[in-house]
Amino acid sequence: MDILTISIIIMAILQIGAAIYAVIQKDLLYAVIATSVISLILSIFFYVLQAPDVALTEAAIGVALTTIVFVITIRNTERHEDKRHVKIGNKIIKK
Amino acid sequence: MKKVIVLILLAVVAYYLVDVFSQIKFGENRFQGENVRDFYLDKSKNDLHVSNSVTSIVVNFRGFDTLGEVTVLFLAATALGSVLYRRKAHGEAVLFNASTIVRSGAHLLFAPILLLGAYVFIHGHLSPGGGFQGGTIIATGFLLMLLAYHDYKVSHGVLTWVESLAGLTFASLGLTGLILGKTFLENFLPIGTINDLFSGGIIPIIYIAVGFKVGAELTGVLYTMLNEKEYKKS
Amino acid sequence: MNQILEILGLILIIIGSIFLFLGALGIYRMPDVYNRLQAGTKATTLGGMSLIIGVGLIQPDWFWKSLILVIFIALSNPISSHALARSAYKSKIKPFFKGKEEDLDAYKEVVERNENN
Amino acid sequence: MVGSPVQLIAIPLFAAFLIPLLGKAWKELVRITPGVVILYLLYLSVDLLNYTIEHGRVVEVIAGWTPPWGIDLVFSPFSGFLATLMLFMGLLVWIYSYRYQTFEDYDDYEPTLKYYLLLMMMITASVGVVLTGDIFNLFVFIEILGITAYGLTAYYRHRDGAEASFKYLFIGSLSSTFLLLAIMIIYSQLGTLNMADIAVKAHELKPVYKITALVLFLVAFGIEAEMFPLNGWAPDAYSQAPAPVGAAFAGIVVKAGLYTVIRLIYTLFEVGGTYEYLIVMGLITMFFAEFAAFSQTKLKRMLAYSSIGQMGLVLVAFGIGKEEGVYAALFLMFNHAIIKSLLFMSGSYLVYKSKNKYISELNGVGKMMPVTSFLFALGAFAIVGFPPFAGFWSKLAVLTAAADSGMLLIIALILSISLIEVIYYLRVVNRIYFVKRDTDLGITKPTPQAMFSMLVLGAIILIVGFYPDVITGVLHKASATLLDKGSYINDVLSLSQTIN
Amino acid sequence: MEAFKDITILVAFGFIILAMIFGFIRFIKGPTAADRTVAVDTLTTIGVGALVLLGYLYQRFIYLDVALVYGVLGFVGVLVIARYLEDAL
Amino acid sequence: MSLGSNLDLLTVTFYGTAIALILIGLYAALVKRSLIKILIGLSIVDSGINLLLVSIGYLKGGTAPIFSPAVIDKNPAMVDPVPQALVLTAIVIGFAVTAVALALVIRLYRHHKTVNIDEIKNLKW
Amino acid sequence: MKESTFSAKVMHFFLSWALLFLVWLAFTSTLEIQEVLVGAATTMLVALFTLRFFDCCTFSFLAPGKLYNVIKYIIVFIIEMIKANFDVARRVISPSLPINPGIVKIRTKLKTNYAKMVLANSITLTPGTLSVDIVDDYIYIHWIDVKNTDPEQAFKDIAETFEKILLKIFE
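Residue numbers (the working numbering), protein chains in the order written: chain Z, 103 to 197; chain U, 191 to 424; chain X, -9 to 107; chain A, -5 to 494; chain D, 237 to 325; chain R, 7 to 131; chain E, 656 to 826.
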């Protein structure tokens, strides 16, 4: 039981927490930020598993590109999953 | 009701996954005798003189996959353009410039980011990374500029040229092997000594082409999506 | 010489990690987004920089690359926190004040200018 | 001297990267080049097929690493037959869509470029799926196929193509997830990705891995092959995509999906009960689809469900398992490709002006568009299996194969389902010829190119109908090669036949 | 000396993990989007530190590339969200 | 120094995390009604699969499969490079599919003014 | 921005080439001839490509006479940064959070964008301040412990030391 093992377990818990958060969160922007946290930790995991190539790819694609693509979609559609929130112009109001 | 069904389904899936993977030992050498892993590691070091064996697998042993992968990206860019296509003029990528600080920072960081991307794909056979990663980094550099400046434009014509030429380079390198009487994508250049920059025959060249192609494609994708606007700020 | 560098590097690593921790703690404890940014940016920037330089000192081969990494961090971190601060007030997040209304003047000015834009 | 199979993939890829540049020189080249490429590939493929029928399989090695290590392409009479069929259908689809009017609504250059690029790559990816001998490579080709299909389904801006495409994409993503899981399990146990090698080593697998991998593979491939619970995407995609693409789905993409299922069951794994599973799944698929087709009011959806039903029949035929069964299945696949494409091509011109494509809008169209209507009726008669046409022989082959295996219940079921098929196709034909036209919709004459490809298909139906021998030789050879698993493994792993 | 070194590095790693936990808590709690993004920004820097330290533990020089890319792209990722929150996107 | 010493715990951690990610993602993809949420779920599934694949290739005490000058003479044990190469391909393909899917979502929003799957049903399943 | 002449462009090209080449050398951390050659070619391409982003004043701080100031600036900056961190540490660790935040604005005399960026970044990294926005010559600053709301006084407290040196470097 050394500190690396413990920290890996902690990171795993954080990752699963971020995933659950991404799923239950109604605000899609937060969910997208959560996916970028998932990629961040995933990238460290790949690194720990001695796969720097994959870690590099995950960092490159997961952190910046996936985020921007999702954010663009949210910009073009709705920020909230729930129907009670409606976007008028740039403001989000509750119905 | 639907949730219950899905949860039962997931429980079944979870049971089988756990069952299967609990029997696959983590961190143990599972393969005895001759197997793909040892063969690739050995050939990558001794026959191809490529330091990064992931690169040698991606570009040489399984280079056909990579050709397909590049095609997937290319077609994704095409399909995305087709899906989002409109005859009307596009909106602008961002509505207003970022603050002076971000703009100057983007200015300053743009060239090093491009250089980092170039470094990653030029050294694809020596260090982690390669064409895809390098291309992604380059696209991110352009993304930085697009985010910082509302009037930053990327020329579609140039992108098409870069993309097509890089793709053609990849395909022709493959076909050259075929024409020279070897097999498709087989190496026909001298392989050099391991851990030199000029080593690995056609592998670095292919990765550089992939880097340019991926960079151009992803930049195009980002540009198309950023310019896709539903409303304009009055 | 090597010994000295190593000890120096180890000290820098420890300091760096402590500051990274403090930065995260600051993010956790501070009352509003601006103060969090204050704590977060400063502490993590210095923490990251000293940690990386420390590694660079222990392994002299790595020094130049870690230096580049440090320069990247030193340049990009304040920029991103500035962008975040700006986006925070542009999305009209009120700063945390202890009583003094006149401190709000500059904030109000910023917000108004922003709305006229 | 024959060319090598890798050209079948490499040349279209090369062309795909070249086309955007050619388009800058002369825009018409964007339309012409894919056709030229496909024509050349067809020539190559026919040449290779002749060669293989005489000399046995051609195994092409890529990047110089022999099969267990590298990727290989296998051009056997079976896969070669399918590849040739796909390329031939691809050529006809290309001719059909050349200057297809709806595209000219978007007289912009960009959509045209994208359409032809995606169409060409869809055909190429299907050929790749059929030829490749490596499971991960198969995954890559399936993804290419998927992406092109999503793009083409959402091609029309004014229809619900995006919705159909999203459904397809959702199911396709799940499918690729399962495929990756299965590949992972196989690799973790056997340490290889080559199909022949897996087939050799498959008996070393513990049952739990074998079953899990098989189920995951079946789910993943079943989506492409339109097997029963996984075919929700198909009717939408068929009906919302442009008409030539619908024809291409029926003629090309489904074939690739079916091929993967067949390759999986016949070559990769030998698990007891899979043949019975195929029969059961095929029957369920068939029942579900034919009844759904029976109750459809829109022409294209009806055709799509009918297509799924045909696929069910093919699965049943493969499930019979003997050489007759495989022969019948291949014959069915061939017939389905040409006839269903003809139905899609002519049918979409019959309801060209209509917005909702209801079957009732076909009333009396026979007098206004005699040739197209005749071709549609020909296709309808052929697909339900009336005697002088092509479909008859394939159905007969299925029934004979079933009878030989003593599966009388299956014969009865197939016959009863065919009855449903007869009813709903005759209903449509009846409307075309014997019901007075009551709508004021105008008609659109097919373009000469479209007419040409439809006539070619009609001619093939008649030729095969009257002289089935032109095709049966190839089919027998192909079915024999599929069943000869030992020689597949031997050819691939020993590389007895390496050209150039 | 070696043992001392190892202990130092592990202690540093412990601090980094603690930092990650606090950043993550802020990410979950943060009332506004800006708060969460601040947390992500901090997590990125902490992650870069962790990567460099791990690279040192594994004694592979080439692993620094990953940290470099991670740092640069994390910055762009944060900038994306910041620009979105500014309504500029 | 290699990865932590306690292999059993790490087995549970890596496989468990990966399987948990897959299940969470599948749950989101199957239950949620927002198209964007579905895609987020699918990308989480992808992450899980990739983690699973890479951890299958891990070898205890192995180092990255790169023969850089420092390690080439020591001839160390190396982790399996094949899953890494496969994951590399899978990540890029996953991103491509996600981008196309999001483009479709934008298109759907243009027509229907909603991203809720229950309100987009011009086509029956 | 001044119009840059052709010779100035050439000058900037070589300067940025040299700088990027240094970055490349740091990336590769080796002086092998192959690496250096490829690096020279690559950095030249990148420098050519990014040339249009550099205006006249980008590299003015590289003039030999200003080197002294640059080094001085870096030293001052690092000292301030360390101070800032201990400040942060004090505030974070102490249980009651001794903070009195507010936003003030100051006016800078710096003209070029890069100088403003450096100043703002320095402000961000020094004790208790965070640059929130920049409009023309005014920088809005979030101050964790407000002592003065008057622009002039605040300027003296926050930015004067930096600006003095920066003026020497950039103007």
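C-beta atoms are modelled at their ideal positions from N, C-alpha and C, and glycine is treated no differently. The structure presented is a predicted model; accordingly, all values stated were derived computationally and were not measured.
Excluding the 5 residues flanking it on each side, A298/A has same chain C-beta neighbours closer than 7 Å at A228, P229, Y232, S233, in chain order. Residues of the segment 225 to 255 of chain U with a C-beta less than 9 Å from any C-beta of chain R: V226, R227, Y230, L231, S234, K235, V240, S241, N242, S243, V244, T245, S246, I247, V248, F251, R252, D255, listed in chain order. For the segment 105 to 127 of chain R, residues whose beta-carbon sits nearer than 8 Å to a beta-carbon of chain U comprise A105, V106, L108, A109, L110, I112, R113, Y115, R116. When C-alpha distances from H346/U are compared across L375/U, N236/U, Q222/U, A267/U, the shortest belongs to A267/U.
In the same chain as A384/A, and ignoring 5 residues on each side of it, the C-beta atoms closer than 6 Å to its own belong to N329, A376, I455, V458, G459, in chain order. Put simply, the segment 7 to 24 of chain A does not touch the segment 71 to 89 of chain X. Fewer than three CB pairs are less than 8 Å apart. Contact between the segment 305 to 323 of chain U and the segment 379 to 390 of chain U is established, with three or more Cβ pairs separated by less than 8 Å. Within the same chain, T268, Y269, L272, F312 come within 8 Å of I259/A by CB-CB distance, once the 5 residues on both sides are set aside. Judged by DSSP in its simplified three-state form, F69/A adopts strand.
D791/E and G720/E have their C-alpha atoms some 29 Å from each other. Judged by their CB atoms, P238/A and S91/A are nearer to each other than the 9 Å cut-off. Nearest to S73/A by C-alpha distance, out of D485/A, L476/A, S488/A, N484/A, is L476/A. Our two residues, G480/A and A474/A, have alpha carbons roughly 12 Å apart in a direct line.
G321/U places its beta carbon less than 9 Å from that of I396/U. Within the same chain, no Cβ atom closer than 7 Å to the Cβ of Y206/U is found once the five residues on either side in sequence are excluded. Of all alpha-carbon atoms in H182/Z, T179/Z, G164/Z, R181/Z, the one lying nearest the alpha-carbon of T104/R is that of G164/Z. Straight across, the Cα-Cα distance linking S170/A with L59/R is about 14 Å. If only complete runs of 3 or more residues are kept, the segment 657 to 681 of chain E shows no beta strand (DSSP E) anywhere. Among the CB atoms of chain A, one or more fall inside 9 Å of the CB of K372/U. Counting only Cβ-Cβ distances below 7 Å, L48/R has contacts in chain A at S167, in chain order. A Cβ-Cβ distance of about 7 Å is found for the pair T705/E and S671/E, placing them in contact under the 8 Å criterion.
A residue is called buried when at least 16 other Cβ atoms come within 10 angstroms of its Cβ; I195/U does not meet this threshold and is exposed. Judged by their CB atoms, V45/X and V288/D are nearer to each other than the 9 Å cut-off. Against R262/D, chain Z offers no close residue; the least beta-carbon distance is about 11 Å (beta-carbon pairs closer than 8 Å). Chain-order list of chain A residues neighbouring I99/R: E137, by C-beta distance under 7 Å. Measuring C-alpha to C-alpha distances from T35/X to each of A64/X, L(-2)/X, I(-6)/X, R76/X identifies A64/X as the nearest. Residues G164, V165, T168, T169 of the same chain have their beta carbon placed closer than 8 Å to that of S138/Z, with the five preceding and five following residues left out of the count.
With contacts defined by Cβ atoms closer than 9 Å, T394/A and A322/A form a contacting pair.
What V139/Z touches in chain D, judged by beta-carbon distance under 8 Å, is F260, F263, V276, L279, going in chain order. In the three-state DSSP reduction, D86/R falls in the coil class, being neither helix nor strand. For R257/A, the enclosing alpha helix (DSSP H) starts and ends at 248 to 257.
Interface residue (Cβ-Cβ distance to chain R less than 9 Å): D66/A is not classified as such.
According to the DSSP secondary-structure assignment, I794/E is paired through a beta bridge with I761/E, I789/E. In the displayed model, I126/R falls within coil according to three-state DSSP, outside both helix and strand. About 7 Å separates the beta carbons of Y413/U and L336/U, which is inside the 8 Å limit, making them a contact pair. In the three-state reduction of the DSSP assignment, T781/E falls in the coil class.
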